[in-house]
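What follows is a set of notes on a single structure, which appears directly below.
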Amino acid sequence: MTKTILVGCGAGFANDRPDAALRLAQDLAQRNGQRYIMLELLAERTLAEAQLRRGLDPQAGYASRLFDFLEPMLDVCIEAGIPIITNGGAANPKAAAQRLRATLAGRYPTLKIACVLGDDLLEETPPRLEQWLPQDLADVVSVNVYTGADGIHTALQEGAGIVLCGRVADPSLAVGAIRHGLGWAADDWQKMAIATATGHLLECCTQVTGGYFAHPGIKEIPAPANLGCPIAEIYEDGRLIIGKTQGSGGRVSEQTVKEQLLYEVHDPRRYLTPDVVLDLGQARVHDLGDDRVEVSGLLGHPRPDTLKGLAGVRGLWFGEAEISYAGPGAVARAALAREILLQRFDRLAPGVQPWIDLSGVASLFNDHSGRYLQQRLALAPALDDVRVRVGLTHTDQAMVQTLLAEVESLYTNGPAGGGGVRRHLAEAVTTRSFLLPRSEIHTTLEWY
Amino acid sequence: MNLVTLADFAHARAGDKGNILSIAVLPLDPAHYPWLLRELTCERVAEQFATRQPSKVHRYELPNLHALNFVLEDALEGGVNLSCGLDRHGKSLSYLLLSLRLPRPQD
Numbered sequence: 031m032t033k034t035i036l037v038g039c040g041a042g043f044a045n046d047r048p049d050a051a052l053r054l055a056q057d058l059a060q061r062n063g064q065r066y067i068m069l070e071l072l073a074e075r076t077l078a079e080a081q082l083r084r085g086l087d088p089q090a091g092y093a094s095r096l097f098d099f100l101e102p103m104l105d106v107c108i109e110a111g112i113p114i115i116t117n118g119g120a121a122n123p124k125a126a127a128q129r130l131r132a133t134l135a136g137r138y139p140t141l142k143i144a145c146v147l148g149d150d151l152l153e154e155t156p157p158r159l160e161q162w163l164p165q166d167l168a169d170v171v172s173v174n175v176y177t178g179a180d181g182i183h184t185a186l187q188e189g190a191g192i193v194l195c196g197r198v199a200d201p202s203l204a205v206g207a208i209r210h211g212l213g214w215a216a217d218d219w220q221k222m223a224i225a226t227a228t229g230h231l232l233e234c235c236t237q238v239t240g241g242y243f244a245h246p247g248i249k250e251i252p253a254p255a256n257l258g259c260p261i262a263e264i265y266e267d268g269r270l271i272i273g274k275t276q277g278s279g280g281r282v283s284e285q286t287v288k289e290q291l292l293y294e295v296h297d298p299r300r301y302l303t304p305d306v307v308l309d310l311g312q313a314r315v316h317d318l319g320d321d322r323v324e325v326s327g328l329l330g331h332p333r334p335d336t337l338k339g340l341a342g343v344r345g346l347w348f349g350e351a352e353i354s355y356a357g358p359g360a361v362a363r364a365a366l367a368r369e370i371l372l373q374r375f376d377r378l379a380p381g382v383q384p385w386i387d388l389s390g391v392a393s394l395f396n397d398h399s400g401r402y403l404q405q406r407l408a409l410a411p412a413l414d415d416v417r418v419r420v421g422l423t424h425t426d427q428a429m430v431q432t433l434l435a436e437v438e439s440l441y442t443n444g445p446a447g448g449g450g451v452r453r454h455l456a457e458a459v460t461t462r463s464f465l466l467p468r469s470e471i472h473t474t475l476e477w478y
Numbered sequence: 023m024n025l026v027t028l029a030d031f032a033h034a035r036a037g038d039k040g041n042i043l044s045i046a047v048l049p050l051d052p053a054h055y056p057w058l059l060r061e062l063t064c065e066r067v068a069e070q071f072a073t074r075q076p077s078k079v080h081r082y083e084l085p086n087l088h089a090l091n092f093v094l095e096d097a098l099e100g101g102v103n104l105s106c107g108l109d110r111h112g113k114s115l116s117y118l119l120l121s122l123r124l125p126r127p128q129d
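Chains as they are written, first to last, in our numbering: chain A, 31 to 478; chain B, 23 to 129.
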């Protein structure tokens, strides 16, 4: 009989749903064969923000909700022998491992926790690497490289029950598990393509099971408040089937799988990852019924010689302020408020151009110069509830604060009937990407 | 001319990487793939996103999946890093594409 493994994904980003992850673990515990759970908890800027938290507290800096996901599922996973693999170690996998060790000590003293290290170049940047980093950065808070599946694979080979990573390419969380479960070689590009496509389909969790998808009347999703986490069945011969938690809401269909297969992909024939160059050009999907979809025709090319890195930089302030106008003439009064704000900003901070939306008329599709807004206003929309929104970024925090106060000043200085002011100001971390040779990066393991 | 709204004949998903927007577009009925291929050109997409002033628009064809993948460079007003907009990821922009009006497919 062909060997089969199961890989489930319990989180697709930092603020995903822990209750769905627990139901995934409970479902997998009832199934047979080698099973794994991956938790993807990092976005581009999350790691820099985690690094800032670590700066304030040396015991912080892992994904802030990591234990909200882990704690409920630990007993289920450990007793069923399901390894958990996560990038939720973020900027401080060691601190996460120490807390986890303390949590588990009484119950599972022999469970092996592995930290995959080596992605964090802020921790220790050998001088030979400096030539590859962006040179013109002030106030850098994080520098990380997207590593591949090697560290995870080794950790699992050596018996890890839980693998805590920092920055690792999202699909690699699955690739490490699949290489361990099926013994696939890291340079078998065909197999790495299948493993990477699996990781790519799983990494956003419910985005392949009906999330980011429903459109009433056109694309219906059953029980959308209870979306099930995805489960991939991977066969030794390369067969790949995407399914989901038993009894959950949501849907796995050809449509959901196709949308996610192409999500955030540029050239589909050259999707670059640290483990393989994935080629989706010949990919096919086939609905097997019962929320199971088979994916085939995946091709692989040798992995790139370079790895991608991200540097996080602080020092930019992002502010938003809003005020609303409703009832007769709402659009005209909101448009007047915008005109007043543009004149005031020009006087107080010449050269600083604010982004201004009139929500209801134009917001999501709007642009910084208001070209889209002008097009929409020209259509004289008949709306009676319009929200003016100002967005600003600048390195000068006090100046952003002053300009946001101008929105609040419309209470007494602006058009009639303005209400509901809200203001928000926060430091923004921005990221810059760079490439460096793969040969310069070596991941290591630490055990807890 | 007999025009239809793309949303009634296709579905789409938007993704972001930095300041680059990608949108996968798929016909609701795979039989409409040749129609999509003919009507949903780079020029039409560039025109629909004119206010975002993309520097380049690429179209990738996936005949087995009956899908088109569009990549619009510099279309996210700075993206999640720098945009002052409400939707800094551009997650909603699949629906700017789906609001496009196109000649009705000949069934």
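By construction, the Cβ of each residue, glycine as well, lies at the ideal position given by its N, Cα and C atoms.
Short Cβ contact (7 Å threshold) for residue i with residue j
i	j	result
residue 240 of chain A	residue 251 of chain A	yes
residue 118 of chain A	residue 82 of chain A	no
residue 116 of chain B	residue 35 of chain B	yes
residue 226 of chain A	residue 308 of chain A	yes
residue 131 of chain A	residue 335 of chain A	no
residue 141 of chain A	residue 173 of chain A	no
residue 266 of chain A	residue 212 of chain A	yes
Counted within 10 angstroms of its Cβ, other Cβ atoms place residue i as buried (16 or more) or exposed
i	result
residue 77 of chain B	exposed
residue 32 of chain B	buried
residue 122 of chain A	buried
residue 436 of chain A	buried
residue 18 of chain A	In the structure as shown, chain A starts at 31 and stops at 478, and residue 18 of chain A therefore has no counterpart that could be examined.
residue 33 of chain A	exposed
residue 60 of chain B	exposed
residue 91 of chain B	buried
residue 477 of chain A	exposed
residue 125 of chain B	exposed
residue 410 of chain A	exposed
residue 473 of chain A	buried
residue 441 of chain A	exposed
residue 71 of chain A	buried
residue 417 of chain A	buried
CB contact check: residue i to chain B, cutoff 7 Å
i	result
residue 355 of chain A	no
residue 239 of chain A	no
residue 221 of chain A	no
residue 296 of chain A	yes
residue 338 of chain A	no
residue 347 of chain A	no
residue 319 of chain A	no
residue 138 of chain A	no
residue 314 of chain A	yes
residue 395 of chain A	yes
residue 17 of chain A	Nothing can be reported for residue 17 of chain A, as the shown portion of chain A is limited to 31 through 478.
residue 124 of chain A	no
residue 486 of chain A	Residue coverage of chain A in this structure runs from 31 to 478, which leaves residue 486 of chain A outside it and unanswerable.
residue 398 of chain A	yes
Range covered by the beta strand (DSSP E) that runs through residue i
i	result
residue 457 of chain A	449–467
residue 337 of chain A	336–356
residue 322 of chain A	322–326
residue 84 of chain B	78–84
residue 39 of chain B	32–39
Residue i: first and last residue of the uninterrupted alpha helix (DSSP H) it sits in
i	result
residue 103 of chain B	101–104
residue 180 of chain A	180–187
residue 123 of chain A	123–134
residue 105 of chain A	96–110
residue 57 of chain A	48–59
Within-7 Å CB hit, residue i to chain A
i	result
residue 91 of chain B	yes
residue 84 of chain B	yes
residue 66 of chain B	no
residue 109 of chain B	yes
residue 69 of chain B	no
residue 35 of chain B	yes
residue 46 of chain B	yes
residue 73 of chain B	yes
residue 114 of chain B	yes
residue 118 of chain B	yes
Exercise for review: Count the CB pairs spanning the segment 421–430 of chain A and the segment 287–304 of chain A that are closer than 8 Å, and state whether there are at least three.
Suggested key: no
Point to revise | the segment 339–354 of chain A touching the segment 273–280 of chain A, judged by at least three CB pairs closer than 8 Å | key: no
Review point. What residues from the segment 363–385 of chain A come within 8 Å of chain C, judged by C-beta to C-beta, listed N to C?
Key: Reference to chain C is not applicable here, since the protein chains of this structure are A and B.
Point to revise | At least 3 beta-carbon pairs within less than 8 Å: the segment 388–395 of chain A vs the segment 104–118 of chain B | key: yes
Practice item. Assess, as a yes-or-no matter, whether the segment 121–137 of chain A is touched by the segment 448–462 of chain A under the definition of 3 or more beta carbon pairs within less than 8 Å. Key: no
Review point. Between the segment 35–51 of chain B and the segment 286–295 of chain A, are three or more C-beta pairs nearer than 8 Å?
Key: yes
Review point. Can at least three beta-carbon pairs, one atom from the segment 160–172 of chain A and one from the segment 180–191 of chain A, be found at a separation below 8 Å?
Key: no
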